[in-house]
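For reference, the structure is listed below as structure tokens.
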Amino acid sequence: MSDAPLAALLGARARRVDVPEPDLVALTLGVGELRVALLFSTDPASPGLGCVPERPRGRPAEGVAKQLRNLVEGARLERALDAGGGAIAIDLRRGPDAIALVHESLGDRSNVLVLDAEGAIVAALHPARLAERGLQLGEAWSPPEPSDRARDLPSDLDSLLALGTALVEARRDAHARARRTALDRALRRAHKRALRRAEATLGDLDRANEAPALRARGSALLAGLATIARGATHVSLPDWSTDPPGTLEIDIDPAIGPRPTADALFTRARKLEAGAAIASARHDEAMAEAAKIESIRARLELADDAQIEALETEAARLRIAPAAASAKRKREPESRSPFRRYEGHGGRVILVGKGGTDNDELTFRVASPHDLWVHVRGVPGSHVIVPLKRGEICPPELLVDAAHLAAHFSSARGEPQVEIQHAPRKHLRKPKGGAPGKVIVANERALALRVEPDRLSRLLGREPND
2 MSDAPLAALL GARARRVDVP EPDLVALTLG VGELRVALLF STDPASPGLG CVPERPRGRP
62 AEGVAKQLRN LVEGARLERA LDAGGGAIAI DLRRGPDAIA LVHESLGDRS NVLVLDAEGA
122 IVAALHPARL AERGLQLGEA WSPPEPSDRA RDLPSDLDSL LALGTALVEA RRDAHARARR
182 TALDRALRRA HKRALRRAEA TLGDLDRANE APALRARGSA LLAGLATIAR GATHVSLPDW
242 STDPPGTLEI DIDPAIGPRP TADALFTRAR KLEAGAAIAS ARHDEAMAEA AKIESIRARL
302 ELADDAQIEA LETEAARLRI APAAASAKRK REPESRSPFR RYEGHGGRVI LVGKGGTDND
362 ELTFRVASPH DLWVHVRGVP GSHVIVPLKR GEICPPELLV DAAHLAAHFS SARGEPQVEI
422 QHAPRKHLRK PKGGAPGKVI VANERALALR VEPDRLSRLL GREPND
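Going by the numbering used here, the residue at position 224 of the sequence shown is 225; the numbering climbs one at a time, nothing skipped.
Have a look at this one:
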């Protein structure tokens with residue numbers, strides 16, 4: 002057997018693509034009776050590649066998972082090579098279409114990409130990470146900066162399976178470390194909050210110490226009512242609460258007199274004593290919570306991976322959760338499609354971009370390589386996509402319908418005759434640094450379109466809901 006990277010898998014067909022976790026792609030391969038899953042991990046703490054006997058289960062296919070399936074499933078693995086800078090490129094072919102699956106092992110910028118035959122990026126597991134590399138969808142891919150670390154991929158299946166086992170264990174360990182760190186961080190924050198709550202009650206407890214003095218002044222006022230002159234605003238009275246008796250200097254509110262002033266002193270004393278009782282209970286509660294949190298943190302330091310979940314549950318009873326679990330979810334923006342849908346000849350769907358970046362989204366993320374791209378030559382306008390089956394030639398009437406929509410949604414709207422360009426989507430690429438909607442087309446064909454108002458009215462009147 003050849004010692005080329007992944008030699009044991011060469012010729013295998015991609016049976017299925019899954020994204021069971023946000024940072025993991027599983028490519029199920031089959032050749033003869035052999036079935037294995039090739040894993041691509043982009044977890045910053047455990048990026049890597051390897052095989053496992055069965056595909057991992059996880060999230061249902063949606064979003065990028067469906068896109069990867071559309072691009073990769075059914076293709077045969079032809080070659081794997083170290084593309085440099087921590088990137089592995091796997092060449093695949095499905096019929097006449099050649100694509101490449103690239104795994105970039107770059108720490109927190111790790112990614113899985115799909116390239117078309119011209120080397121342009123047509124899909125990415127983490128689109129946001131492309132910008133960190135100065136790349137974007139639709140543009141040509143370039144390897145990461147050269148590094149001295151080569152990625153040696155074994156050729157035999159046993160070594161690939163061993164690599165996969167190590168990768169799964171590394172991911173498990175990394176996830177456990179992340180859970181442990183997140184829980185400890187949440188516990189530390191909660192512990193500080195508990196101590197702050199306990200500290201906040203100390204002021205109420207200190208103010209309660211004023212209650213005996215308030216009661217003593219109230220009692221002195223009541224005892225000395227007969228000796229207090231009418232309209233007095235200040236009196237000096239004996240303090241019988243001390244031994245030997247002292248003297249109390251008491252202000253009297255002239256608007257209400259000595260007796261109501263005494264009642265107000267007693268009322269204030271009662272409020273301070275009641276507040277102290279509440280503050281004391283809250284202080285004890287906060288300190289008890291702080292002690293429980295300290296206990297969980299102490300056990301977390303010694304816990305193995307299997308015990309972390311139990312500690313997370315215990316913390317949840319105290320309304321403590323790691324930031325990822327407890328953070329308020331941002332309201333998801335309302336679903337917005339980058340294109341309009343129209344019904345063309347034979348009931349076939351035609352997609353029309355809404356302009357600018359929506360054109361790029363439609364052409365390079367929604368459309369398949371074998372779909373037909375239609376546009377008015379030489380003037381700004383919407384990208385129009387006619388979804389086709391692999392190997393299908395666009396029916397002439399459907400092409401004319403698409404051309405009418407391209408003309409209508411362009412700067413040439415209203416012109417009686419326009420020139421239309423069209424080409425399979427796989428022959429388009431995004432120029433580096435090009436403006437939104439700007440593309441370079443190869444192997445295009447032209448169509449001189451004479452606009453038929455009745456046909457256009459029919460198309461525009463049969464727009465399904467976006």
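Don't be surprised by glycine CBs; every beta carbon is placed ideally from N, CA and C.
- C-alpha of residue 220 to C-alpha of residue 253: approximately 13 Å in a straight line.
- The region 234–284 is shown to contain no whole alpha helix (DSSP H) run of 4 or more residues.
- If you draw a straight line from the Cα of residue 348 to the Cα of residue 65, it comes to about 27 Å.
- For the pair residue 128 and residue 113, the Cα-to-Cα distance works out to about 10 Å.
- Non-local C-beta neighbours of residue 71 in its own chain, meaning closer than 7 Å and more than five positions away in sequence, comprise 369, ordered along the chain.
- Contact check between the region 199–208 and the region 277–286: three or more CB pairs, one atom from each, fall below 8 Å, which counts as touching.
- Around residue 263, the same chain offers 219, 222 and 223 as residues with beta carbons nearer than 6 Å, after the five sequence neighbours per side are excluded.
- DSSP, reduced to helix, strand and coil, places residue 305 outside both helices and strands of the structure shown, so it counts as coil.
- Under the DSSP assignment, residue 220 falls in the alpha helix (DSSP H) whose first and last residues are 212–224.
- When the beta-carbon positions are compared, residue 51 and residue 164 come within less than 7 Å of each other.
- Minimum Cα-Cα distance from residue 199 among the listed residues 292, 258 and 300 corresponds to 292.
- Unbroken beta strand (DSSP E) runs of no fewer than 3 residues, entirely contained in the region 51–88, are found at 77–85, following chain order.
- Note that the region 292–308 does not touch the region 208–218; fewer than 3 beta-carbon pairs, one per stretch, sit closer than 8 Å.
- Under the criterion of beta carbons closer than 8 Å, residue 100 and residue 115 qualify as touching, at roughly 6 Å.
- Secondary structure of residue 410 (DSSP, three-state): coil.
- Residue 73 and residue 438 have their C-alpha atoms some 25 Å from each other.
- In the structure shown, residue 7 adopts coil according to DSSP, grouped into three states.
- For the region 357–402, the full-length beta strand (DSSP E) segments reaching 3 residues or more read 373–377 and 385–387 along the chain.
- Residue nearest to residue 63 within the set 95, 77, 23 and 79 is 23 (criterion: CA-CA distance).
- Counting C-beta atoms within 10 angstroms of its own C-beta, residue 259 has 16 or more neighbours from the protein chains shown and is therefore classed as buried.
- Residue 186 and residue 20 have their C-alpha atoms roughly 29 Å apart.
- A contact between stretches requires three or more CB pairs, one per stretch, nearer than 8 Å, and the region 425–432 meets this requirement with the region 139–146.
- Only residues of its own chain outside the window of five on either side were considered, and among them 291 have a CB closer than 7 Å to the CB of residue 196, listed in chain order.
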